[in-house]
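Here's the structure we're looking at; comments come further down.
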Amino acid sequence: MYGVNTYADTNFASITLDNDVFVGKDNGYTNGLYFSLYNVGVGLRPNFWVSPLLWTMPRGYAENRINVHSIGQTLTTAEDITQANPPEGSLPYSGLLKYTNTHIVVGSRFTDWVSTSVGIVGPAAKGKQTQTEFHALIGAEKPMGWDTQLKNEFVFGFSRGRAIRVLASRSDTMDLLAGGQLSVGTISSGVNAAIMLRLGQNLRDSYPTVSLASSRASNPIAVNNSWFVYAGVSANYVFNQIFTDGNTFRDSRSIDYDHNYNTFMTGITYTIGRDSSLSFAYLSSFSDDDTEYSRQTERLNRFGTLTLVWEF
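Counting in my numbering, the sequence shown runs from 1 upward without gaps.
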């Protein structure tokens, strides 16, 4: 597994499963499945997908670089999946199939990244088929409201982020990270700022992996025969997001929601043998006010997530 001190080219892959069943629910952001390929090497060049934002990236300090290619499917549903015609104010049914390319520049105390996502939302994303067949497999209730889902639409998004290793113990067993991200696009537009406390081993080598969680395609992961636990909070403001606002250019279902919210995250990750790593995390949003708008936002941002990574 790679770290910031690894200069030889390395390739690895990951599979990530997000599901609200991990937290005892089956509504809102109900499922996400992502497969990612990673190329690691100090001499890597960015892919053309991220060209629009490369001018924002710093020059000269890279100790390593990472190119990430991710493809995944995201599903959202109304609170009561037994209703064929969910009432007004229910979170719209939606399936999103998207590809994301991320370029990460790693330094000793700074990690910067840019990403571009393209995809499709609507019946073409096959969300109805995925959830219906999975529920039949596990004997769960059949979701009835997919005929009300968002319409087919091409979607896109651009993101720019940075993580900073603010503090670190001399033994490299504890550190404090801070960071933020700006996103623009029809998938979502918003800003966030976050802090994270970690306890474990070989933390310097693994701190760049916090950037992998920015697109939900992966989670922070342990590297180089190590482990760590972490907890953090983020402050977020969302200008638009297709899962709640509905289709951008066509009439569709939509809801009002809390644009300003906070997120709590905690997780554990450890390496398995020499070439793989496992990570589990829990995320939940919270707001200063307990309103229906804040509860809608919470349904989109409360889930458990599991990532398996292996080198090849």
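Ideal placement from N, C-alpha and C gives every residue a C-beta, glycine not left out.
Within the same chain, show all residues whose beta-carbon is closer than 6 Å to that of Met174, passing over the 5 residues directly before and after it, in chain order. Within the sequence shown, residue 174 is the residue found at index 174, counting from 1. For Met174, where only same-chain residues beyond five positions count, the Cβ hits under 6 Å are Leu199.
For Pro86 and Met57, the rounded distance between their alpha carbons: The residue labelled residue 57 in the question sits at position 57 within the sequence shown. The residue labelled residue 86 in the question sits at position 86 within the sequence shown. Using only the alpha carbons, I get a separation of about 45 Å.
With a CB to CB cut of under 7 Å and the five nearest residues on each side skipped, what residues in its chain are close to Gly232? Start at 1 with the first residue of the sequence shown, and residue 232 comes out as number 232. Around Gly232: Ala194, Ile195, Met196, Leu197 and Met265.
For Lys142, count neighbouring Cβ atoms within 10 angstroms of its own Cβ and tell me buried if that reaches 16, exposed if not. As a working note, residue 142 is residue 142 in the sequence shown. Counting Cβ neighbours within 10 Å, Lys142 comes out exposed, since fewer than 16 surround it.
Is it true that the CB of Val191 sits closer than 9 Å to the CB of Gly180? Translated into positions along the sequence shown, residue 180 becomes position 180. Translated into positions along the sequence shown, residue 191 becomes position 191. In this structure, Val191 lies closer than 9 Å to Gly180 by Cβ.
Top-ranked residue by Cα proximity to Val114, from Asn202, Asn47 and Thr132: As a first step, residue 114 is located in the sequence shown; it is residue number 114 there, counting from the start. The residue with the shortest Cα to Cα distance from Val114 is Asn47.
If we count the other Cβ atoms within 10 Å of its Cβ and call it buried at 16 or more, is Gln104 buried or exposed? On the sequence shown, position 104 is the one that residue 104 refers to. Reading off the sequence shown, one finds Ile at residue 104, where the question assumed Gln. So Ile104 counts as buried.
Who are Asn240's beta bridge partners in DSSP? The residue labelled residue 240 in the question sits at position 240 within the sequence shown. Asn240 is bridged to Ser189.
Where does the unbroken beta strand (DSSP E) through Lys126 begin, and where does it stop? Stepping through the sequence shown from its first residue, residue 126 is reached at position 126. Neither: Lys126 is in no beta strand (DSSP E) and is coded neither H nor E.
Separation of Ser206 from Phe110, as counted between CA atoms: Here residue 110 corresponds to residue number 110 of the sequence shown, with the count starting at 1. Here residue 206 corresponds to residue number 206 of the sequence shown, with the count starting at 1. Whole-angstrom Cα-Cα distance: 12 Å.
Around the Cβ of Arg313, are there at least 16 other Cβ atoms within 10 angstroms (buried) or fewer (exposed)? It is not possible to answer for residue 313, since the shown part of the chain is limited to 1 through 312.
Gly28 - DSSP class collapsed to helix/strand/coil: For the purposes of this step, residue 28 is taken as the residue at position 28 of the sequence shown. Caution applies to Gly28, whose pLDDT of 48 falls short of 50 and renders its modelled position unreliable; the model cannot decide the point.
So which of Thr82, Ser218 and Asn101 has the shortest CA-CA distance to Tyr93? Within the sequence shown, residue 93 is the residue found at index 93, counting from 1. Among Thr82, Ser218 and Asn101, the Cα nearest to that of Tyr93 belongs to Thr82.
Would you kindly work out how many angstroms separate the C-alpha atoms of Val155 and Thr263, rounded to a whole number? Taking the first residue of the sequence shown as 1, we reach residue 155 at position 155. Taking the first residue of the sequence shown as 1, we reach residue 263 at position 263. Each residue's alpha carbon lies about 25 Å from the other.
Buried/exposed call for Pro52, threshold 16 Cβ in 10 Å: Position 52 of the sequence shown, counted from the start, is the residue given in the question as residue 52. Exposed, by the Cβ-count rule.
My parser needs the beta strand (DSSP E) runs of 3 or more residues fully inside the region 80-129; what are they? If we require 3 residues or more, the beta strand (DSSP E) runs fully inside the region 80-129 come out as 94-106 and 110-121.
Hey, could you find the ends of the alpha helix (DSSP H) Asp205 is sitting in? One-based indexing of the sequence shown puts residue 205 at position 205. Taken as a continuous stretch (DSSP letters only), the alpha helix (DSSP H) holding Asp205 covers Leu203 to Ser206.
Since Ser284 is in the beta strand (DSSP E), which residue starts that stretch and which ends it? The sequence position of residue 284 within the sequence shown is 284, counting from 1. Run containing Ser284: Ser276 to Phe286, per the beta strand (DSSP E) assignment.
Quick one: using the 10 Å Cβ neighbour count with 16 as the cut-off for buried, is Gly43 buried or exposed? One-based indexing of the sequence shown puts residue 43 at position 43. Under this definition Gly43 is an exposed residue.
Give me the Cβ distance between Gly122 and Glu88, rounded to the nearest whole Å; I'm assuming they're in contact under 8 Å. What you label residue 122 is simply residue 122 of the sequence shown in a count that begins at 1. What you label residue 88 is simply residue 88 of the sequence shown in a count that begins at 1. So it is not a contact: roughly 20 Å between Cβ atoms.
Cβ neighbour criterion (16 or more within 10 Å) applied to Ile66: Against the sequence shown, residue 66 aligns to sequence position 66. When all chains shown are included, Ile66 counts as buried.
Rounded straight-line distance, which links the Cα of Ala235 to that of Gln149: Here residue 149 refers to the residue found at position 149 when the sequence shown is read from its first residue. Here residue 235 refers to the residue found at position 235 when the sequence shown is read from its first residue. Their Cα atoms are separated by approximately 29 Å.
Among the residues of its own chain, which have a CB less than 8 Å from the CB of Tyr99, if the five just before and after it don't count? For the purposes of this step, residue 99 is taken as the residue at position 99 of the sequence shown. If we look at Tyr99 and ignore the five residues flanking it on each side, its Cβ neighbours are His69, Ser70, Ile71, Ser117, Val118 and Gly119.
Can you grab the Cα-Cα spacing for the pair Val4 / Phe249, in whole Å? Position 4 of the sequence shown, counted from the start, is the residue given in the question as residue 4. Position 249 of the sequence shown, counted from the start, is the residue given in the question as residue 249. Residue confidence for Val4 is low, a pLDDT of 45 falling below 50, so the modelled location carries little weight and cannot support an answer.
Apply the 10 Å Cβ neighbour rule to Phe137 and answer buried if 16 or more other Cβ atoms are within range, or exposed otherwise. Here residue 137 refers to the residue found at position 137 when the sequence shown is read from its first residue. Just to set this straight, residue 137 is Leu in the shown sequence, not Phe. Looking at its Cβ environment, which holds fewer than 16 other Cβ atoms inside 10 Å, Leu137 is exposed.
Report yes if the CB atom of Leu283 is closer than 9 Å to the CB atom of Thr307, and no otherwise. Your numbering for residue 283 matches position 283 in the sequence shown. Your numbering for residue 307 matches position 307 in the sequence shown. Result no, Cβ atoms of Leu283 and Thr307 do not sit closer than 9 Å.
Check Ser211 in the structure and name its three-state DSSP category. Sequence index remark: in the sequence shown, residue 211 carries index 211 (1-based). DSSP places Ser211 in helix when its eight states are reduced to three.
Own chain partners of Gly107 with C-beta closer than 7 Å, once the 5 adjacent residues on each side are dropped: Position 107 of the sequence shown, counted from the first residue, corresponds to residue 107. Hits under 7 Å: Tyr61, Ala62 and Glu63.
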